[in-house]
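J.: The sequence shown maps to residues 37 to 647 in this note's numbering.
Think of the CB as a built atom: it goes at the ideal place given N, C-alpha and C, for glycine as much as any other residue.
The structure presented is a predicted model; accordingly, all values stated were derived computationally and were not measured.
First, the structure itself, so that you have it in front of you.
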Amino acid sequence: MSSSATAWRQPHHDGSPLYVSNPNPKLGDTVAVFLRAPHPSGVSQAHVRVVVDGEPAWFNAHVDRTDAVETWYRADISVANPIASYRWLIDGGTYNYRWVTGAGVVEHDVTDATDFKLTTFAPPPTWADDAVVYHIFPDRFARSTSRPAPAWAIPQAWDDPVVGDGALAALQWYGGDLDGVVMHLDHLQSLSVNTVYLTPIFPAGSNHRYDAASFDTVDPLLGGDDALARLSDALHARGMRLIGDLTTNHAGVTHAWFEAAVADRSAAEAGYFIFREHPGDYLSWLDVPSLPKLNHQDARLRELLYEGPDSVVAQWLRPPGNLDGWRIDVANMTGRHGDVDLNHDVALAIRATMTNVAPDALLLAEHGHDYTQDVMGDGWHGTMNYSGFARPIWSWLRAPDHSFRAPTGAPIDLPRIAGEDMVATMRAFTAGVPWDVTRHNLTILSSHDSPRAMTVLGAPELVAVAAGLMATLPGIPSLYAGDEIGLEGVNGEDGRRPFPWDAPETWDGRLLAAWRGLLGLRTQLQALRTGGMRWLHVGADCIVFIRELADQCVLVQATRSSAEPVTLPAQHFGGGRPWTGLLGAADLAPNEYEELSLPNDGPAIRLWLLP
């Protein structure tokens, strides 16, 4: 068997409480870190290398405990810098002079990029540990009343098809509003959702509202400030949370700031934007002229937008909005242009304002590719995890006879990859950031900017497997409204189809039941929310991992098709005790060879709990 298929034999460490005595230390603290070494690994010695003030320092590890199946090594390391970057060096048996980093066991020297990271930054709010997010594009979710169409809009009936591309896509107006969200909170709670994320709610000249005309009020088309207050109050009365969406990278051409900037080159507002030649030649998001880029070198802009108690960021964390956090649109581009890079400064400033106004608020970033250099936990708490979650899952689960164009702008179809490549991609991204970031990234399968999971994968059974991975892997599950009933869409705009509340016969009931069951289990089982994670088996068509705390273990198997048989030594997993099958999975008990023999049919997602 390949090493990936016997991943359970490998030494393991992660940032969870099983392996780190204090996941949120202060500068100067000493923290105990632990390495689990199954006996088949042959590990006989372990050491920890920590980078202190830019120079490696060594800490010896000693045996903390041992039993019939494994040895635990312990090292007490000093946290001398805000980010303590560390790795294990192991010796003995198969692993003679090998590193253990966030990427796993490596047999050659590697850069520090994949080292484990222990940070002194304030952790995310505790409520985010248990969050299940529901992502709503307000114009298409639900309509509580009819309103006159705005001048920019092309009014639509609720069941009219969306255009899906071109200039008209942003102008189709279906009239969804915030009171419409209130009408369907029972549906959200039936999915174990406890947090609503709304795409922008400010006045604009489009249905997506990323071209804000103001940040000071809620769009009257959505019901205005009073409707936001009603939604916020209704959510909080149910113990739920609300996250808003803010464009710090750009505004709209109809924004009062930009209109003043264009009208007078000497106006203060002219400094809020980046003009190559005033008034008509200015930087904009991806050269879209309706989205002029904001200039974060301007002190007054920073003060208005996110610095201090009177800023936009602060305003909506207080009544009437009472938001519980912000998702920052194109956060990866904010503050960056040419030789200027203020991105980290902006993140720190937004976080500082939020901490002062609402210490329990969550700050999330949009980032579509490699976020590992931008998200260390001192600014953004986490990101929308397209690269390290959605795309590898799409590529692994895509049906073999189902082609789909890569959603990254590449002129080729999305590849179909083996499970080994999917897991390697996931590990590459989790290895680049602290454990707190991994746990607070949004794990997504679709968004308002992406194709729908149903369209990418091509079958509801495969979407159910993807849903299972969202519910069980580390991160905050983020379900895009409509994915639970099988809505489709070939791109982000096509995927913004109105939720068919009046046509439940079009819903995929089995898929809806799967989502409810899987997210319900996540809510019930602490190990799925805050436990550590070990890969046990990684094959082309089947992956197996465990989520674990000291007093709870959940075994997860995902298969995309009939797969190679997987057996695990019972003594290493439960010591011969049976595992209880969840969501209809049969119980798992040792066979006559003292092995746990897992089913090998698929597509399927199966979970077992060790009582």
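(1) Quick test of your reading: residue 108 and residue 71, contact by CB under 8 angstroms. State the CB separation rounded to the nearest angstrom.
(2) In whole angstroms, what separates the C-alpha of residue 89 from that of residue 573?
(3) Going by DSSP in three states, residue 628 sits in which element: helix, strand or coil?
(4) Could you name the residues of the same chain whose beta carbon sits closer than 6 angstroms to that of residue 242, not counting the 5 residues immediately before and after it, in chain order?
(5) What are the start and end residues of the alpha helix (DSSP H) that includes residue 508?
(6) Report the residue from 268, 486, 377 and 313 whose alpha carbon sits nearest the alpha carbon of residue 357.
(7) Hey, would you say residue 138 sits closer than 7 angstroms to residue 467, going by beta carbons?
(8) Helix, strand or coil for residue 455 per DSSP?
(9) Which residue wins for smallest C-alpha separation from residue 141, given the options 182, 45 and 197?
(10) Counting only the same chain and skipping the five closest in sequence on each side, list residues whose C-beta sits under 8 angstroms from that of residue 87.
(11) Tell me the rounded alpha-carbon separation between residue 191 and residue 244.
(12) In terms of residue numbering, what span does the beta strand (DSSP E) encompassing residue 313 cover?
(13) Short check: CB of residue 127 to CB of residue 81, under 7 angstroms?
(14) Is the separation between the beta-carbon of residue 350 and that of residue 402 shorter than 7 angstroms?
(15) Under DSSP, the alpha helix (DSSP H) around residue 110 begins and ends at which residues?
(16) On a CA-only basis, which of 451, 125 and 317 is nearest residue 143? Give me that one, please.
(17) Using only CA atoms, which one of 617, 436, 97 and 495 lies nearest to residue 546?
(18) Could you round the C-beta distance between residue 271 and residue 229 to whole angstroms and report it? I think they count as a contact, below 8 angstroms.
(19) Under 8 angstroms: do the region 192 to 202 and the region 259 to 268 share three or more Cβ pairs, one atom per stretch?
(20) At what residues does the alpha helix (DSSP H) containing residue 552 begin and finish?
(21) Have a look at the DSSP bridge pairing and note the partners of residue 420.
(22) Can you tell which of 104, 422, 154 and 176 has the C-alpha that lies nearest to the C-alpha of residue 49?
(23) Run through the DSSP bridge pairs and tell me what residue 153 is partnered with.
(24) Please work out which residues of its chain come closer than 6 angstroms, Cβ to Cβ, to residue 555, disregarding the five sequence neighbours upstream and downstream, and give them in chain order.
(25) Whole angstroms are fine: how far does the CA of residue 217 sit from the CA of residue 254?
(26) With respect to the beta strand (DSSP E) encompassing residue 281, which residues constitute its N-terminal and C-terminal limits?
(27) To the nearest angstrom, how far is the alpha carbon of residue 532 from that of residue 237?
(28) When we look at the beta-carbon of residue 600 and count the other beta-carbons within 10 Å, is it buried (16 or more) or exposed?
(29) From residue 413 to residue 419, what does the alpha carbon distance come to, in whole angstroms?
(30) Considering only residues of the same chain and omitting the five flanking positions on each side of residue 100, which have a CB-CB separation below 7 angstroms?
(31) Taking the C-alpha atoms as reference points, what is the distance between residue 77 and residue 360?
(32) Give the DSSP-derived three-state secondary structure of residue 81 in the structure shown.
(33) Ordered along the chain, which non-local residues of its own chain (more than five positions away) have a Cβ less than 6 angstroms from that of residue 461?
(34) Given this structure, state the Cα-to-Cα distance separating residue 331 from residue 302, to the nearest angstrom.
(35) Runs of 4 residues minimum, wholly inside the region 353 to 428: which ones carry the alpha helix (DSSP H) assignment?
(36) Quick one, which of 551, 258 and 613 has its alpha-carbon nearest residue 215's?
T.: Taking the coordinates as given:
(1) Counted from its first residue, the sequence shown places residue 108 at position 72. Counted from its first residue, the sequence shown places residue 71 at position 35. Indeed, because the Cβ distance is near 7 angstroms, the residues count as touching under 8 angstroms.
(2) The residue given as residue 89 occupies position 53 in the sequence shown. The residue given as residue 573 occupies position 537 in the sequence shown. Using only the alpha carbons, I get a separation of about 38 angstroms.
(3) The count along the sequence shown starts at 1 and reaches residue 628 at position 592. Residue 628 carries a coil assignment under DSSP once its states are collapsed to helix, strand and coil.
(4) The count along the sequence shown starts at 1 and reaches residue 242 at position 206. So the list reads 206, once near-sequence residues are dropped.
(5) Position 472 of the sequence shown, counting from 1, holds the residue named residue 508. For residue 508, the enclosing alpha helix (DSSP H) begins and ends at 496 to 508.
(6) Your numbering for residue 357 matches position 321 in the sequence shown. Per the Cα distances, 268.
(7) Here residue 138 refers to the residue found at position 102 of the sequence shown. Here residue 467 refers to the residue found at position 431 of the sequence shown. Yes, the pair counts as a contact, with Cβ atoms nearer than the cut-off.
(8) For the purposes of this step, residue 455 is taken as the residue at position 419 of the sequence shown. Look at residue 455 here: in three-state DSSP terms it is helix.
(9) The residue given as residue 141 occupies position 105 in the sequence shown. For the residues 182, 45 and 197, the minimum Cα distance to residue 141 belongs to 45.
(10) Within the sequence shown, the letter at position 51 stands for residue 87. Cβ within range, chain order: 93, 117, 120, 121, 122, 148 and 151.
(11) As a first step, residue 191 is located in the sequence shown; it is residue number 155 there, counting from the start. As a first step, residue 244 is located in the sequence shown; it is residue number 208 there, counting from the start. Spanning the two alpha carbons is a distance of roughly 14 angstroms.
(12) Here the question's residue 313 lines up with position 277 in the sequence shown. Looking at the DSSP string, the run of the beta strand (DSSP E) that includes residue 313 is 311 to 313.
(13) As a first step, residue 127 is located in the sequence shown; it is residue number 91 there, counting from the start. As a first step, residue 81 is located in the sequence shown; it is residue number 45 there, counting from the start. Yes.
(14) By 1-based counting over the sequence shown, the position of residue 350 is 314. By 1-based counting over the sequence shown, the position of residue 402 is 366. Judged by their CB atoms, residue 350 and residue 402 are not nearer to each other than the 7 angstroms cut-off.
(15) What you label residue 110 is simply residue 74 of the sequence shown in a count that begins at 1. For residue 110, there is no enclosing alpha helix (DSSP H); the residue is found in the beta strand (DSSP E) stretching over 106 to 114.
(16) Residue mapping note: residue 143 aligns to position 107 of the sequence shown, counting from 1. When only C-alpha atoms are compared, the closest one is 125.
(17) By one-based count along the sequence shown, residue 546 stands at place 510. Residue 546 has its Cα closest to that of 495, out of 617, 436, 97 and 495.
(18) Locating residue 271 in the sequence shown gives position 235, where the first residue counts as 1. Locating residue 229 in the sequence shown gives position 193, where the first residue counts as 1. Beta-carbon to beta-carbon, residue 271 and residue 229 are separated by about 10 angstroms, too far to satisfy the 8 angstroms threshold.
(19) The region 192 to 202 vs the region 259 to 268: no contact.
(20) Mapped onto the sequence shown, residue 552 falls at position 516. Unbroken alpha helix (DSSP H) run through residue 552: 545 to 560.
(21) Numbered from 1 along the sequence shown, position 384 holds the residue referred to as residue 420. For residue 420, which the question treats as bridged, DSSP gives the partners 478.
(22) Along the sequence shown, read from residue 1 onward, the residue named residue 49 stands at position 13. The closest CA to that of residue 49, considering only 104, 422, 154 and 176, is found on 154.
(23) If you number the sequence shown from 1, residue 153 lands on position 117. In the DSSP secondary-structure assignment, residue 153 is bridged to 121.
(24) Residue numbering aside, residue 555 sits at position 519 when the sequence shown is read from its first letter. Cβ within range, chain order: 168, 227, 228 and 507.
(25) Within the sequence shown, the letter at position 218 stands for residue 254. Within the sequence shown, the letter at position 181 stands for residue 217. Roughly 15 angstroms between the two C-alpha positions.
(26) Counted from its first residue, the sequence shown places residue 281 at position 245. For residue 281, the enclosing beta strand (DSSP E) has its first and last residue at 277 to 282.
(27) Numbered from 1 along the sequence shown, position 496 holds the residue referred to as residue 532. Numbered from 1 along the sequence shown, position 201 holds the residue referred to as residue 237. Take the alpha-carbon of residue 532 and the one of residue 237: they are about 16 angstroms apart.
(28) As a working note, residue 600 is residue 564 in the sequence shown. With fewer than 16 other Cβ atoms from the protein chains shown falling within 10 Å of its own Cβ, residue 600 counts as exposed.
(29) Taking the sequence shown and counting its residues from 1, one reaches residue 413 at position 377. Taking the sequence shown and counting its residues from 1, one reaches residue 419 at position 383. Cα to Cα, the separation comes out at about 10 angstroms.
(30) As a working note, residue 100 is residue 64 in the sequence shown. Contacts found: 70, 108, 109 and 110.
(31) Position 41 of the sequence shown, counting from 1, holds the residue named residue 77. Position 324 of the sequence shown, counting from 1, holds the residue named residue 360. Going by the C-alpha atoms only, they are around 46 angstroms apart.
(32) Your numbering for residue 81 matches position 45 in the sequence shown. It is a strand residue.
(33) Locating residue 461 in the sequence shown gives position 425, counting from the first residue. Take residue 461, set aside five residues on each side of it, and the residues of its chain with a beta-carbon closer than 6 angstroms to its own are 428, in chain order.
(34) Counting from 1 along the sequence shown, the entry for residue 331 is found at position 295. Counting from 1 along the sequence shown, the entry for residue 302 is found at position 266. Residue 331 and residue 302 have their alpha carbons spaced roughly 15 angstroms apart.
(35) Qualifying alpha helix (DSSP H) stretches, in chain order: 379 to 393.
(36) Numbered from 1 along the sequence shown, position 179 holds the residue referred to as residue 215. Of the listed residues, the one whose Cα sits closest to residue 215 is 258.
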